[in-house]
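Residues 1 to 282 in the numbering used here are what the sequence shown lists, from first letter to last. Using N, Cα and C, we set each Cβ at its ideal position, and we do this for glycine too. So the structure is just underneath, and the comments pick up after that.
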Amino acid sequence: MENNLEKSNILVTGGTGLVGSHLIEALLPHSPHKIVSTIRTWDPFSYFFMKGLDKQVILAQADIRDYHRLVDIVCKHEIDVIFHLAAQPIVDSAYSFPQQTISSNINGTTNILEAARISPKIKAVVVASSDKAYGQSDELPYKEDTKLEGLHPYDASKSATDLLARSYFKTYNLPVTVTRFGNIFGPGDDNFNRIIPGLIKALIHNETFDIRSDGKMIREYLFVKDVAAGYIKLAEQIDKAQGEAFNFGSSHVFSVLEIVEKVIEAYGNKVEINILNEAKNE
Numbered sequence: 001m002e003n004n005l006e007k008s009n010i011l012v013t014g015g016t017g018l019v020g021s022h023l024i025e026a027l028l029p030h031s032p033h034k035i036v037s038t039i040r041t042w043d044p045f046s047y048f049f050m051k052g053l054d055k056q057v058i059l060a061q062a063d064i065r066d067y068h069r070l071v072d073i074v075c076k077h078e079i080d081v082i083f084h085l086a087a088q089p090i091v092d093s094a095y096s097f098p099q100q101t102i103s104s105n106i107n108g109t110t111n112i113l114e115a116a117r118i119s120p121k122i123k124a125v126v127v128a129s130s131d132k133a134y135g136q137s138d139e140l141p142y143k144e145d146t147k148l149e150g151l152h153p154y155d156a157s158k159s160a161t162d163l164l165a166r167s168y169f170k171t172y173n174l175p176v177t178v179t180r181f182g183n184i185f186g187p188g189d190d191n192f193n194r195i196i197p198g199l200i201k202a203l204i205h206n207e208t209f210d211i212r213s214d215g216k217m218i219r220e221y222l223f224v225k226d227v228a229a230g231y232i233k234l235a236e237q238i239d240k241a242q243g244e245a246f247n248f249g250s251s252h253v254f255s256v257l258e259i260v261e262k263v264i265e266a267y268g269n270k271v272e273i274n275i276l277n278e279a280k281n282e
């Protein structure tokens with residue numbers, strides 16, 4: 001039976017970020033009763049605020065590491081559906097500050113799952129993992145039954161998040177499902193640590209572009225509006241999706257160097273590329 005999002009009370013953690021903003025934008029036509037988004041920092045130039053989404057949702061100041069605050073939000077707003085997107089998303093930051101990443105990604109996810117578990121109203125929980133949860137594999141595209149073997153702090157945090165979420169279905173029958181996306185790109189991405197916005201910025205300002213890795217890492221790239229549609233479809237089909245994890249991708253794989261070449265070709269300009277060969281698994 002399809003889970004109708006109309007008149008539902010929806011919580012999006014990390015709703016002011018890139019994916020969260022596009023997800024909220026895509027949820028609005030479904031006529032939910034209310035959408036609540038957690039927020040930690042206010043960026044008036046972000047896609048979320050530039051599109052006026054702050055005027056169409058309820059903003060709840062929160063850190064996902066604060067369990068009691070999350071319980072308060074879920075109970076106060078009588079949340080039916082949770083999209084858990086909030087996390088520490090930067091691979092390089094995870095390498096430098098692993099404790100912060102583990103606290104946000106693993107403990108934060110546990111807090112959300114616990115808040116959902118004690119609520120009698122929850123109909124669906126969709127948790128964001130990543131294809132990074134697989135670690136490094138010689139075979140692409142990944143399959144859902146490929147082992148989760150994150151080797152580095154960020155990857156391992158996503159492996160743990162993935163397993164924890166599905167364990168709550170197996171143990172507590174919580175209606176939870178997990179998404180594993182590749183690299184996401186699209187309008188409003190002002191995180192210049194990521195390859196596509198970082199390269200576009202370098203092209204605009206005629207700056208040298210640093211590739212932190214050796215540039216050979218191969219992944220799929222997915223447009224952010226397709227990601228939002230994937231989240232909504234899983235929430236609507238939670239009866240079939242609960243307890244499972246789903247890969248979403250374009251079915252086309254590219255190395256970092258290939259993506260750099262394609263962006264430069266599309267922009268119609270050249271930029272100096274500096275391969276640092278320092279970062280792991282990116």
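Among the residues of its own chain, which have a CB less than 6 Å from the CB of V126, if the five just before and after it don't count?
F83, T177, Y231, L234 and A235
Who are the near neighbours of K132 in its chain, counting only those whose CB is closer than 7 Å to its CB and skipping five residues on each side?
G150, Y154, D155 and K158
So if DSSP puts H283 in a beta bridge, which residue, or which two residues, is it bridged to?
Any answer about residue 283 is impossible in this case: the structure gives the chain only from 1 up to 282.
Looking only at C-alpha atoms, which of A87, L148 and V271 sits nearest to Q136?
L148
Cβ pair count under 8 Å reaching 3, the segment 33 to 42 against the segment 2 to 19
yes
Using only CA atoms, which one of P120, Q99, L164 and Q242 lies nearest to H152?
Q99
May I ask you to report which of helix, strand or coil DSSP gives A60?
strand
Hey, G198 and S255 are a contact pair by Cβ (cut 8 Å); roughly how many whole angstroms apart?
Actually they are not in contact, since the Cβ atoms of G198 and S255 sit about 16 Å apart, beyond 8 Å.
Cutoff 7 Å; reference V224; Cβ partners in own chain excluding five residues on either side
L18, V19, H22, I184, F185 and G186
From the DSSP output, which residues share a beta bridge with S255?
I218
Is it buried or exposed for D239, if we count other Cβ within 10 angstroms and need 16 for buried?
exposed
Beta strand (DSSP E) segment containing F333, residue limits:
Since the first residue shown for the chain is 1 and the last is 282, residue 333 is missing from the structure and cannot be characterised.
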